[in-house]
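A.B. asks:
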Amino acid sequence: MPLYLDDDQNMLRDTARDFMAAEGAISKELRHWRDKGSADGFGHGLWKQFAEMGFTGILIDEADGGLGLGHVEAGIVLEEIGRNLTPSPFLVSAVAFVEALKGTALRERWYPGILSGDTVAALAIDEGAKHRPEAIAMRAERSGNGFKLSGNKQFVVQGASADVTLVAAGTDDGLTLFAVEKGARGLEVEGVRLADSSIGARMRFDDVEVDADAVVGEVGGGAAALSRAMNAGRAGAAAELVGVGSASMDMTVDYLKQRKQFGRLIGEFQALQFRAAHLYSELEIARAATLKAQQLLDEGSDEAEAMVSVAKAKAGRASQLAVQEGVQMHGGIGMTDEYDIGLYMKRDRVLNELFGDPAFHADKLARMKGY
Amino acid sequence: MDDLGEFRQEARAWLEANCPPEMREPMRDESDACWGGRNPTFKSDAQKRWMEVMAERGWTVPDWPRDYGGGGLSPAEAKIVRQEMARIGARNPLMSFGISMLGPALLKYGNEAQKKRFLTEIARGEIRWCQGYSEPGAGSDLASLQTKCEDKGDHWLVNGQKVWTSYADKADWIFCLVRTDPQAPKHQGISFLLFDMASPGVSTKPILLISGNSPFCETFFDDVEVPKDQLVGELNKGWDVAKYLLGHEREMISGMGLGGQTGSLGEALSEALADDPILRADVARFDVDQMAFRAMSERFIDELKAGQAHPAQPSMMKYAGTELNKARHELVMAAGGSNALEWESDRSKKGKSAREWLRTKANSIEGGTSEIQLGIVAKRILELPGA
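For the record, the sequence lines run as chains H and R. Here the working numbering = 1-based position in the first sequence + 1255. Here the working numbering = 1-based position in the second sequence + 3.
(1) Can you tell me the Cα-Cα spacing of R/K329 and R/G269, whole angstroms?
(2) Please identify, using Cβ separations under 8 Å, the residues of the region 53–66 of chain R that lie next to chain H, in order along the chain.
(3) In terms of alpha-carbon separation, which member of H/T1270, H/D1263, H/D1290 lies closest to H/S1452?
(4) Mind listing which residues of the region 1495–1510 of chain H have their C-beta closer than 9 Å to chain R's C-betas, in chain order?
(5) At what residues does the beta strand (DSSP E) containing H/W1365 begin and finish?
(6) Closest by CA to R/D278, which one among R/F289, R/D243, R/A338?
(7) Establish whether the CB of H/K1515 and some CB of chain R are separated by less than 7 Å.
(8) Specify, as a first and last residue, the run of the alpha helix (DSSP H) that R/H53 falls within.
(9) Pull up the distance between the alpha-carbon of H/S1405 and that of H/A1395, whole angstroms please.
(10) Under 7 Å between C-beta atoms, does H/L1620 make it to chain R?
(11) For R/V380, would you say it is in contact with chain H, using Cβ-to-Cβ distances shorter than 7 Å as the test?
(12) At a CB distance below 7 Å, what residues from the region 1521–1545 of chain H approach chain R? Give them in sequence order.
(13) Output the distance between the C-alpha atoms of R/A295 and H/A1543, rounded to the nearest integer angstrom.
(14) When the Cα atoms are used, what is the spatial distance from R/M299 to H/D1427?
(15) List the residues of chain H whose Cβ lies closer than 7 Å to the Cβ of R/I384, in chain order.
(16) Between which two residues does the beta strand (DSSP E) harbouring H/R1462 extend?
(17) Taking the CB atoms as reference points, tell me whether H/V1327 and H/Q1575 lie closer together than 7 Å.
(18) On the CB-based measure, 16 or more other CB atoms within 10 Å of its CB, does H/G1429 come out buried or exposed?
(19) How many Å lie between R/F224 and R/T325 at the Cα?
(20) In this structure, how does DSSP classify R/H158 when only helix, strand and coil are distinguished?
(21) Less than 8 Å between C-beta atoms, sequence neighbours within five positions excluded: which residues of the same chain meet that for H/A1294?
(22) Of all the options H/V1463, H/D1603, H/L1370, H/Q1583, which has the alpha carbon lying nearest to the alpha carbon of H/F1345?
(23) Flag this pair as yes or no: are the beta carbons of R/Y112 and R/G266 separated by less than 7 Å?
(24) From the beta carbon of H/V1565, is the nearest beta carbon of chain R less than 7 Å away?
(25) Give the residues of chain H in contact with R/F296, contact being defined as C-beta atoms less than 7 Å apart.
(26) Between which residues of its own chain and R/F45 is the CB-CB distance below 7 Å, once the five residues before and five after are set aside?
(27) With R/V56 and R/N95 assumed to form a contact (beta carbons below 8 Å), what rounded beta-carbon distance in angstroms separates them?
(28) Which runs of the beta strand (DSSP E) at least 3 residues long sit entirely within the region 71–155 of chain R? Give them in chain order.
(29) Residue ranges of each alpha helix (DSSP H) run of no fewer than 4 residues wholly in the region 246–296 of chain R, ordered along the chain?
(30) Where does the unbroken alpha helix (DSSP H) through R/T325 begin, and where does it stop?
(31) Is the region 87–105 of chain R touching the region 125–141 of chain R in the sense that three or more CB pairs, one from each, lie closer than 8 Å?
(32) What does H/M1562 reach in chain R if we use C-beta pairs closer than 8 Å?
(33) Could you confirm whether any beta carbon from chain H is found closer than 7 Å to the beta carbon of R/E306?
(34) Decide if H/L1314 is buried, meaning its Cβ has at least 16 other Cβ atoms within 10 Å, or exposed.
(35) Check H/V1411 in the structure and name its three-state DSSP category.
(36) Could you check which residue in R/C179, R/G204, R/P203, R/A201 has the C-alpha nearest to that of R/S194?
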């Protein structure tokens, strides 16, 4: 398989690009919900439109009513989301959550709502300020026919709006994922507005009772489901980062061609040209790494997990460079709220932390390579 | 099984049967490469056999047309051959500036007689080529080159000097940029000429580098007579050929140091990293960059073969690939500590680490400096003004 988009994928990209630029534009969605102080941080109307476009079924098998496409296609949509900073539950609900449920009985319960754009799902993994999925302290004790969950989670993206949250907890049989429904007794959810105006949640579980059928897959089999969710979520976040970085670069390069100082376009200055060209190079490499990771995931390759870490780390660093150079090269106007470049910087920061930052993934890669 | 699947099976079986075991060992250094040529030197029978059997099948240049000694394969088939070679760790059967640089330029700009003659020789490894581009006064500003080429009716007469000519002292022929119209603006008076290094008036002098090696030469032309039919493309339009070829040179250099290295650097250096957390972190970041760049190389080759790559993309590849290779050797030196400083001992394989480290510093200079590449990306891809 060549490492570029095929004709069908290019068509999907054109569709997603047009759709997101029109319906998911910054002025229409991000600023609108932010300035209203929305408690969700995104629009349910747009989420419905995502479903009508078929986006929410990309990773759901045809037998389950979806499109049966792959991570490459999900990434195409996410790159456009990144370009437009479109707030939506897509990454967590239609990518990570859908992958976690693959091959489990809970598909039937939750896929229809994702397909129709009625359901929002969240993932509760992190317990501290950093992503440390190998060190989950939260416990689930057997109780009657089910389990009792106790512990704390944070950085649960869309957790305040979610109809269902996948919760990672340790049991006597090992790590297990539970699908916990909204409003469960003993569950306290605190919506937290983040720097990019998206809403994360802190969740406190105080003996929250769930039935045995809330278990994703097998009790003690959470590692496999979590790994599916993380691979999908990380590759997806990498694609969104590529979109964030690319839009920042495009905006910045355009500015270099318009802004005059000392009687010249500032894009004529070699100091800025070299930095812009270096940035282009980093983003192209990040895009290739991300596509490679998506293709390997779609092939079910053993090398996919390592490449996913490479993609998340590389896309994170490239996008970080893009937003930093973006604000700097815009000068004073880049510091204003009115101008969009600063919004990209905020989104980049959040996406870099989500599902592990570049240091986490470099370390993960090193461990996988035995050092 | 589809056609490509069948092709893969065939390619795999053929390589299994024909690639000698010794040629599946990683190359230890540049001297393990097989360069072919008029008077070839082979390090082993296996090396000779491997070059010959691959040339016989046209797989030294899998995607060149069969008429010119190639394999006539489609881009997808050629990729499968590369993948199957990588799978068994097969060495490149023939290192050749003819394959990586001159060949593509001849395919595009050469006339039929030139293609038939020169491409076939290149594919079979019969002629070793060198590149006459840089001059003492024409480095980054290559188009200001002064080597004079006069039309003497039945032949060209060449006078001048080239510098940084890689392996000129070992090459059989040279592809050379010469000035055929000294009055014209600098880009419009250049032609692209091929000639035999054994011609009377050609001499070479190796240049000792900081690595202690001499891969580059000064090359002198003193009344060298060249047959008229050895000019490629149109008279005074050599800059087009030169630029096209530079694209391929940059591709080649971008892959240097990464070609054949499929593993992780940290894996290779793990012992030194165990008690050095800062170095381990640097190496881990490098491995991220390296694996990401490998994906970029794969994508670039795929896009190139499909005619989808931006014409200036080789500049980006050359910039990123050479800077990465330099970073790699800085890390190797840091991990090696004082062991890696030994210059002559057998223990250090006569200073292998240190010499290779120093060699890589040329990567971001030869074939156009990193700064030249960034300028090209800024101007031709980002379309920034006044570059």
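We put the beta carbon where it would ideally sit given N, CA and C, even for glycine.
C.D. replies: According to the data block:
(1) Note on geometry: alpha-carbon atoms of R/K329 and R/G269 lie some 16 Å from one another.
(2) When C-beta distances to chain H are compared with 8 Å, every residue of the region 53–66 of chain R stays at or above that value.
(3) Selected option, being the one with the closest Cα: H/D1290.
(4) Answer set for the region 1495–1510 of chain H: M1504, V1508.
(5) Here H/W1365 belongs to no beta strand (DSSP E); instead the alpha helix (DSSP H) covers 1361–1371.
(6) It is R/A338 whose Cα lies nearest to the Cα of R/D278.
(7) Not an interface residue.
(8) According to the sequence displayed, residue 53 of chain R carries Trp and not His. Annotation: the continuous alpha helix (DSSP H) that includes R/W53 extends over 48–60.
(9) Pairing H/S1405 with H/A1395, the inter-Cα distance amounts to about 7 Å.
(10) Contacts with chain R at 7 Å (Cβ-Cβ) include H/L1620.
(11) Interface residue (Cβ-Cβ distance to chain H less than 7 Å): R/V380 is classified as such.
(12) Those would be G1522, E1523, Q1528, F1529, A1531, A1532, H1533, Y1535, S1536, E1539, I1540, A1541, A1543, A1544, in chain order.
(13) Roughly 7 Å separates the two Cα atoms.
(14) Straight through space, the alpha carbons of H/D1427 and R/M299 are spaced by roughly 44 Å.
(15) Correct list: Y1535.
(16) Reading off the sequence, residue 1462 of chain H comes out as Asp, not Arg. For H/D1462, the uninterrupted beta strand (DSSP E) run begins and ends at 1454–1466, by DSSP.
(17) No.
(18) Of the residues assessed, H/G1429 falls on the exposed side of the cut-off, its CB having fewer than 16 other CB atoms within 10 angstroms.
(19) One alpha carbon belongs to R/F224, the other to R/T325, and they sit about 31 Å apart.
(20) Shown here, R/H158 sits in a strand according to DSSP, grouped into three states.
(21) These residues qualify, in order along the chain: A1415, S1416, G1446, I1454.
(22) The residue with the shortest Cα to Cα distance from H/F1345 is H/L1370.
(23) With respect to the 7 Å criterion, R/Y112 and R/G266 are not classified as neighbours on the basis of their beta carbons.
(24) Flagged as an interface residue toward chain R: H/V1565, by a C-beta distance shorter than 7 Å.
(25) Contact note: R/F296 reaches chain H through I1540, using a C-beta cutoff of 7 Å and chain order.
(26) Scanning its chain for C-beta atoms nearer than 7 Å, with the 5 sequence neighbours on each side dropped, one finds around R/F45 the residues C37, K51, in chain order.
(27) The C-beta distance from R/V56 to R/N95 rounds to 14 Å, too long to fall under 8 Å, and the pair is not in contact.
(28) Within the region 71–155 of chain R, the complete beta strand (DSSP E) runs of at least 3 residues are 132–135, 151–154.
(29) Every alpha helix (DSSP H) stretch that sits fully inside the region 246–296 of chain R and reaches 4 residues is listed by chain position as 268–276.
(30) Here the alpha helix (DSSP H) through R/T325 covers 316–339.
(31) A contact between stretches requires three or more CB pairs, one per stretch, nearer than 8 Å, and the region 125–141 of chain R meets this requirement with the region 87–105 of chain R.
(32) Within chain R, M294, A298 have C-beta atoms less than 8 Å from the C-beta of H/M1562, given in sequence order.
(33) Chain H contact via Cβ: present.
(34) It is buried - the Cβ of H/L1314 has at least 16 other Cβ atoms within 10 Å.
(35) Three-state DSSP puts H/V1411 in coil, outside helix and strand.
(36) Of the candidates R/C179, R/G204, R/P203, R/A201, the one whose C-alpha sits nearest the C-alpha of R/S194 is R/C179.
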